[in-house]
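Here's the structure, in structure tokens; my notes come after.
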Amino acid sequence: MTAHTNTLRLLPWTTPEGKPCFLSSGTDEGVLSRLADGVEAAQTSTGAEVLGGAKAVLADPQVGARELRFALARVTEVLGDVLRVAESRGARLSVPYEDEEGDEGDDPRLPAEAFG
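Each residue of the sequence shown is one higher than the last, beginning at 1 in full-length UniProt numbering.
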């Protein structure tokens with residue numbers, strides 16, 4: 001990862017009171033930043049696993065209310081985690097691409113599907 005100047009990074013955990021935690025750092029290479037990277041990776045991996053489980057529950061026509069509620073509870077937990085990861089990573093993206101004439105626009109170095 002590259003160095004950043006005076007940015008606050010939203011961390012993938014909260015305080016015991018449920019408030020967001022931030023890291024003020026000049027780089028992405030510190031111990032706490034690497035720990036946060038690992039937690040984010042684990043959260044997104046867990047999200048993929050929970051999504052698979054939720055799909056299986058929804059595909060079962062015999063599933064009961066208890067199973068649906070459990071699956072929905074897990075999905076809401078991981079969705080909150082993954083949204084926090086997305087917010088944190090989005091805040092750390094570089095400024096919009098400017099072409100040689102100084103016009104902002106879609107970065108041609110990215111695939112077209114990145115722009116919806």
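Cβ atoms here follow ideal geometry from the backbone N, Cα and C, with glycine treated the same way.
Closest by CA to residue i, which one among the options?
i: residue 154; options: Val75, Ala73, Leu58 and Asp81; result: Any question about residue 154 goes unanswered here, given that the chain covers just 1 to 116.
i: Leu79; options: Leu93, Val50 and Ala59; result: Val50
So residue i and residue j are in contact, right, with Cβ under 8 Å, and what is the actual spacing, rounded?
i: Glu29; j: Pro12; result: Not really, about 17 Å apart at Cβ, beyond 8 Å.
i: Val85; j: Ala54; result: Not a contact, Cβ separation roughly 18 Å.
Within 10 angstroms of the Cβ of residue i, are there 16 or more other Cβ atoms? Answer buried if so, exposed if not.
i: Ala73; result: exposed
i: Ala56; result: exposed
i: Ala36; result: buried
To the nearest angstrom, how far is it from the Cα of residue i to the Cα of residue j?
i: Gly52; j: Thr46; result: 10 Å
i: Pro20; j: Arg69; result: 27 Å
i: Leu32; j: Leu83; result: 20 Å
i: Ser25; j: Gly38; result: 17 Å
i: Ser88; j: Arg9; result: 6 Å
i: Ala71; j: Ala48; result: 13 Å
i: Leu93; j: Pro61; result: 43 Å
i: residue 117; j: Ala65; result: Since the displayed the chain opens at 1 and closes at 116, residue 117 lies outside it and no answer follows.
i: Phe22; j: Glu77; result: 20 Å
i: Thr14; j: Val63; result: 34 Å
i: Ala91; j: Glu17; result: 23 Å
i: Arg34; j: Ala59; result: 38 Å
Please return the same chain residues whose Cβ sits closer than 6 Å to the Cβ of residue i, not counting the five positions on each side in sequence.
i: Thr7; result: none
i: Glu67; result: Val57
Give a yes or no on whether 8 Å exceeds the smallest Cβ distance from residue i to chain C.
i: Arg9; result: No chain C is present in this structure, which holds just one protein chain.
Keeping to the same chain, check which residues put their C-beta closer than 8 Å to that of residue i; ignore five residues upstream and five downstream.
i: Glu113; result: Note on Glu113: pLDDT 49, under 50, position unreliable in the model; the coordinate value appears next. If we look at Glu113 and ignore the five residues flanking it on each side, it has no Cβ neighbours.
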